[in-house]
Structure formats: structure tokens, C-alpha cells
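So the sequence shown is residues -27 to -1, 1 to 145, counted in mature numbering (1 follows the signal peptide of the UniProt record, and there is no 0).
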Amino acid sequence: MRRTSMTRISALVIAALAATGVAVVPAATTAAASVPACHAADVAVHYRATDSGAGHRYGRIVMKNTSTHACTSGGFGGLSYVGDGDGTQIGAAADREGTWQAFTLQPGQRAYSPVDEVVAQNYPKATCRPAAVDGFRVYIPNATRSKFVAHATTGCRNAAVHLISHKAFRRF
């Protein structure tokens, strides 16, 4: 069969599948799929404070690809306060805001997740139940192992009080 006939047949098959609701993945995405996902062992993670005001503190969770290979990531990680000197979660996990896109991190490249922390002292002590926080437990997107990031502050033991929100990771 000639190449133009194959191209027309392929286009007709794709159109027919799309009309039935079947997801069609373009060939270009297959190359990106060959880049492995970023794992906790591939990255270093830290927190960088950026601003504060009106009862909020703002910063970024930054992850840097410290491996020798490219890896893909994107989306929301997991983020929560931990304390008691043993990694006990303090209060509610971070709320997620916004949308996300996948990206590839080459060795040495960084991505960040903007973080908004409400100051625990904004709440009555009886509601908040204040507790010392040692830092963040951070899960990078799609990872099952967490990283600890030192960040001394005060949290609320009451999980009904949501002090942290963050946006999806994005490349710098």
C-alpha cells in the first residue's frame, strides 16, 4: 500500500475512534512516556520563604533533580505539618489549588509548589489546639515515599482547621 493511502486510513481510524469516545494518544507523547517518573530518591526538596502579611506566610516547596537522568513530574504533591519529634502529622494536610501540567526535569533542574500558610494564632486556642511543628512532610507528585523539610512553626492539632494550601508543582 502506498504511504498516502496508509495516512488516510490512519486518519479515518483515529477519527472513528475519537467519535466513539475512545481516547487517542498522539505518537509524539510516546517519546515523552519513555522518560521515567521522578521518585523521591531522584530529588532533593527544601522550603524557601518568600513573603508574609495579613495573617499568612508564603513560600515555595522546591524540588531539584539530583539524579543523573531526566525524569517526569507534574501535579500536586502531598504536604502536611509534622511534629512531636517523630513525624506525627499535625492537623490537616494541605489543600490543593489550581490545575497542573506534566513536565520533564533534566539533571539539576528545579520545580516549585507555591505554599500559603495561615498563621495558627489567627484561631482561638480552643479551636486550634496549637502545637509545635518541626517541619513539612512532602510527597512529590506520584511518589509513595515522603521527604522531611525542616520548618519550625506553630500548627493546629485540630484537623478541621486548614492552615496550609499549595499549588501544583511547575518548572522554574
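Glycine included, C-beta positions come from ideal geometry on N, C-alpha and C.
Q: Report the option in A14, A43, S7 and T77 whose CA atom is closest to the CA atom of F121.
A: A14
Q. Cβ atoms of D89 and H29: under 8 Å apart, would you say?
A. yes
(Q) What residue range does the beta strand (DSSP E) around A125 cover? (A) K120 to C129
Q.
So G128 and G32 are supposed to be a Cβ contact under 8 Å. How far apart are they, rounded?
A. Incorrect: roughly 15 Å between the Cβ atoms, too far for contact.
Q) Starting from T77 and walking both ways along the beta strand (DSSP E), at which residues does that stretch end? A) F76 to L78
Q) Taking all protein chains shown into account, do 16 or more other C-beta atoms lie within 10 angstroms of the C-beta of D68, making it buried, or fewer, making it exposed? A) exposed
Q. Roughly how many whole angstroms lie between the Cα atoms of V(-3) and V134?
A. Bear in mind that the predicted position of V(-3) carries a pLDDT of just 37, short of 50, making it unreliable; the figure below should be weighed with that in mind. C-alpha separation (whole angstroms): 42 Å.
Q) Using the C-alpha atoms, what's the distance from A104 back to P97? A) 13 Å
Q: Name the residue from G60, V8 and W73 whose alpha carbon lies nearest to the alpha carbon of G50.
A: W73
Q | Counted within 10 angstroms of its Cβ, other Cβ atoms place N38 as buried (16 or more) or exposed | A | buried
(Q) Spatial neighbours of A93 within its chain, please: C-beta separation below 7 Å, excluding the five flanking residues on both sides. (A) C101, P103, T127, G128, C129 and L136
Q. Are the Cβ atoms of N115 and G48 separated by less than 8 Å?
A. yes
(Q) Can you tell me whether S46 is buried or exposed? The criterion is at least 16 other CB atoms within 10 Å of its CB, across all chains shown. (A) buried
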